[in-house]
Amino acid sequence: MEQSTSRSRVEKLVGAINEKYNLTSPDVFYGDPRVSDWPLMNNLTGVLSIVFLYLLMVKQGPAFMAKRSPMNVTHLLVVYNLALVILSLYMCIEMVILAVQSNQSILCHPVNTENTEIGLREAKVAWWYFFSKIVELLDTAFFIARKKNNQLSFLHIYHHSSMVVVCWYVAKYLPGGEKLYSGSFNCLVHVFMYTYYGLSAMGPHLHKYIWWKRYLTQFQIIQFICICIRSIGTFFTGPCGYPKWVNVFTLLYVSSHLLLFLNFYLKSYKSKSIQSSHSASKSTAKKSE
Numbered sequence: 000m001e002q003s004t005s006r007s008r009v010e011k012l013v014g015a016i017n018e019k020y021n022l023t024s025p026d027v028f029y030g031d032p033r034v035s036d037w038p039l040m041n042n043l044t045g046v047l048s049i050v051f052l053y054l055l056m057v058k059q060g061p062a063f064m065a066k067r068s069p070m071n072v073t074h075l076l077v078v079y080n081l082a083l084v085i086l087s088l089y090m091c092i093e094m095v096i097l098a099v100q101s102n103q104s105i106l107c108h109p110v111n112t113e114n115t116e117i118g119l120r121e122a123k124v125a126w127w128y129f130f131s132k133i134v135e136l137l138d139t140a141f142f143i144a145r146k147k148n149n150q151l152s153f154l155h156i157y158h159h160s161s162m163v164v165v166c167w168y169v170a171k172y173l174p175g176g177e178k179l180y181s182g183s184f185n186c187l188v189h190v191f192m193y194t195y196y197g198l199s200a201m202g203p204h205l206h207k208y209i210w211w212k213r214y215l216t217q218f219q220i221i222q223f224i225c226i227c228i229r230s231i232g233t234f235f236t237g238p239c240g241y242p243k244w245v246n247v248f249t250l251l252y253v254s255s256h257l258l259l260f261l262n263f264y265l266k267s268y269k270s271k272s273i274q275s276s277h278s279a280s281k282s283t284a285k286k287s288e
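Quick note: the sequence shown, position 158, residue 157 per numbering that gives the first Met the number 0, numbers continuous.
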C-alpha cells in the first residue's frame, strides 16, 4: 500500500513537470520512433565512436604527418566543398519551406511527430543535418593532410566534435519543430563558408575573389547572436510542446560559440587593423622626415 502511494506521488510529480516543461514525453526518453531504424539513430554508441576516432585523429594526425610532405588534395577539396555547398543549400531551402508550410512560430513550435509527408520531411532533413556534421569532420582531416596545424584550434575541434553529438540528439529526439529556423540559418552560413573554402582551394589566382573572409566571420557571429536572442525569447512564451530545457541548453551552447568566435575575430582582425595603422603611422613619419 505504502509502495503504491509513493509510486502515485512520483507519477503525479512527473506529470506536473511534464505539463510545465515538457521534459518527460516518451520521445525525450526513447527517441522519435520514426527515425529509430535510420543509420546511427539506434543508440549513441556509433556517434561516440565517430567522435572518439575524430579526437584520436586530431591527436595522432599531426605526429603522423610530421616527417611527411603536405598532401596535394586540391581536386578532392574542390569536390568536397562543392558537395557541402549543394547539401547545405538543399537543407536550407527545405527547412525554410517546411517552416513556412507548417506555419511555424519562430519562438515556439512543437515537433511534428505524425507520419505525414511534412512530418517525415522534417525528420529527414534533421537527419541529413546531423549527417552533414559527420561529413564536416573531414575539414580537420584536410587540415592535417595539408599540414595546416595552426587551424587545429580549440574552437575548431570543440565545434566539430560537439556538433555531431548535439545534432544526433536533435535528429533522434526532436527532429523538426522550431529548430528548423536556427538550422536553416546555419545552413545558409555554410553555403557561403564552403563556397569560400572551395574558391580558396582552387589556387592563388582566385584569391582576389575571396576578399570577403572577414565578413563571413561577421556573418557567423550574427548567426549566433540571432539564435541566442531567439532562445531568450522562448522563455517568455507559454508551453507549446517543445522542451524548454532544450532552449536553455541551446542558449548556453551557442553562447559558448559566440564568445569563442568573438575572441577569434578580435585576435584575427582587430589586431591586424592596429598593426596596419601603426605601420602607416611609421611610414608617414619617415616621409615627413
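Every residue, glycine too, gets a C-beta built ideally from N, C-alpha and C.
As assigned by DSSP and simplified to three states, the class of residue i
i	result
residue 231	helix
residue 292	An answer regarding residue 292 cannot be provided, because it is not within the stretch 0 to 288 covered by the chain.
residue 147	coil
residue 211	coil
residue 171	helix
residue 97	helix
residue 152	coil
residue 23	A caution first: residue 23 carries a pLDDT of 43, below 50, which makes its placement in the model unreliable, though a value can still be read off. Reduced to three states, the DSSP call for residue 23 is coil.
residue 74	helix
residue 32	helix
residue 105	coil
residue 249	helix
residue 286	With a pLDDT of only 44 at residue 286, under 50, the local geometry of the prediction cannot be trusted, and no value is derived from it.
residue 110	coil
residue 89	helix
residue 66	coil
residue 79	helix
residue 41	coil
residue 61	helix
residue 302	Nothing can be reported for residue 302: it is not among the residues displayed for the chain, which extend from 0 to 288.
residue 193	helix
residue 268	helix
residue 201	coil
residue 241	coil
residue 121	helix
residue 182	helix
Cβ-Cβ distance between residue i and residue j below 9 Å
i	j	result
residue 84	residue 256	no
residue 90	residue 53	no
residue 226	residue 183	no
residue 178	residue 164	no
residue 202	residue 103	no
residue 40	residue 167	yes
residue 144	residue 50	no
residue 195	residue 212	yes
residue 154	residue 263	yes
residue 98	residue 34	no
residue 236	residue 106	yes
residue 267	residue 187	no
residue 140	residue 173	no
residue 77	residue 240	no
Where residue i falls, given that 16 or more other Cβ within 10 Å makes a residue buried
i	result
residue 214	exposed
residue 160	buried
residue 80	buried
residue 283	Per-residue confidence for residue 283 stands at a pLDDT of 43, beneath the threshold of 50, marking its modelled position as unreliable; no derived number is given.
residue 60	buried
residue 233	buried
residue 200	buried
residue 133	buried
residue 185	buried
residue 245	buried
residue 219	buried
residue 69	exposed
residue 36	exposed
residue 111	buried
residue 251	exposed
residue 25	Here residue 25 scores only 46 on pLDDT, less than 50, and its place in the model should not be relied on; the value that follows carries that caveat. Exposed: under 16 other Cβ atoms inside 10 Å.
residue 116	exposed
residue 44	exposed
residue 93	buried
residue 193	buried
residue 152	exposed
Test: residue i CB closer than 9 Å to a CB of chain C
i	result
residue 193	Looking for chain C here will not work: only one protein chain is present.
query: Should the region 137-148 be regarded as contacting the region 62-78, the criterion being three or more beta carbon pairs within less than 8 Å?
result: yes
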